[in-house]
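Numbering (this note's numbering), first residue to last: 1184 to 1417.
By construction, the Cβ of each residue, glycine as well, lies at the ideal position given by its N, Cα and C atoms.
One structure is given here, and the rest of the page talks about it.
Here is the structure:
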């Protein structure tokens, strides 16, 4: 009986060591696997459009794209690589600027890429320019899924409806877009974008704008309808 108990104990210890070793091997394999980098593309976040006409006096404008990590969270800052996609790009190299160092910061699962566009090309007053970017592999990251490897930024100086002027901001707060309404809104509030702004804050700005329209007798584009009649916010 004593021999059997001793043998059972050794068998148990052996099995325990095997299980621990297997778990350790699996965990190590998981955490040492490749890291994948992607552009967040929910709700069109991997595309952006800006018009310098909505930013009077601005010579440059910064646009942020969100990058997300799949895999081991880095414990140190790691560089990544991008390349310009020729088929998506009409802008010249002097029309935009990327960060000098492309770095995904440590202890994060998301980070931002900031692209700066320049309002210096005369073509911007009559057409749009674009730049397309793609994540490419380096020693730290591999590109994510096919549909999440690219981002595109389009910009112009032509008066046009901002990307953020939609949804509830349009139907409940600002109403129908016109370039005149946008210009007067900026003159009144000093605010040229409501992107990412909570509806309650947008409402406060728009109520200020309504009072401004009444006080200054601002007309809609037809020069007959009061501008205030085109603002649904109350």
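How many whole angstroms separate the CB atoms of residue i and residue j, which I take to be in contact at a CB cut-off of 8 Å?
i, j, result
"residue 1289", "residue 1260", "5 Å"
"residue 1223", "residue 1251", "5 Å"
"residue 1372", "residue 1301", "With a Cβ gap of about 26 Å, residue 1372 and residue 1301 do not count as contacting."
"residue 1234", "residue 1343", "5 Å"
"residue 1281", "residue 1307", "That belief does not hold up - the Cβ atoms of residue 1281 and residue 1307 are roughly 19 Å apart, past 8 Å."
"residue 1221", "residue 1328", "6 Å"
"residue 1382", "residue 1351", "6 Å"
"residue 1247", "residue 1295", "5 Å"
Using 8 Å as the threshold, is the C-beta distance between residue i and residue j below it?
i, j, result
"residue 1375", "residue 1238", "yes"
"residue 1236", "residue 1341", "yes"
"residue 1316", "residue 1304", "no"
"residue 1249", "residue 1228", "yes"
"residue 1299", "residue 1245", "yes"
"residue 1253", "residue 1286", "no"
"residue 1410", "residue 1367", "yes"
"residue 1356", "residue 1385", "yes"
"residue 1324", "residue 1219", "yes"
"residue 1377", "residue 1416", "no"
"residue 1326", "residue 1334", "no"
"residue 1404", "residue 1349", "no"
With DSSP as the reference, identify every bridge partner of residue i, one or two as the case may be.
i, result
"residue 1337", "1232, 1313"
"residue 1262", "1286"
"residue 1325", "1219"
"residue 1252", "1220"
"residue 1318", "1265"
"residue 1402", "1409"
"residue 1301", "1243"
"residue 1280", "1299"
Grouping DSSP H, G and I as helix and E and B as strand, with all else coil, what is residue i?
i, result
"residue 1295", "strand"
"residue 1214", "Legend: pLDDT at residue 1214 = 41, less than 50; position of this residue unreliable, value from coordinates given subsequently. It is helical."
"residue 1393", "helix"
"residue 1384", "helix"
"residue 1245", "strand"
"residue 1257", "coil"
"residue 1209", "Confidence at residue 1209 is low in this model, with a pLDDT of 42, below 50, so the placement of that residue should be treated as unreliable; the coordinate-derived value is given next. If DSSP states are grouped into helix, strand and coil, residue 1209 belongs with the helices."
"residue 1332", "coil"
"residue 1359", "coil"
"residue 1226", "helix"
"residue 1156", "No statement about residue 1156 is possible, as the shown extent of the chain runs from 1184 to 1417 and does not include it."
"residue 1414", "coil"
"residue 1375", "coil"
"residue 1350", "helix"
"residue 1342", "coil"
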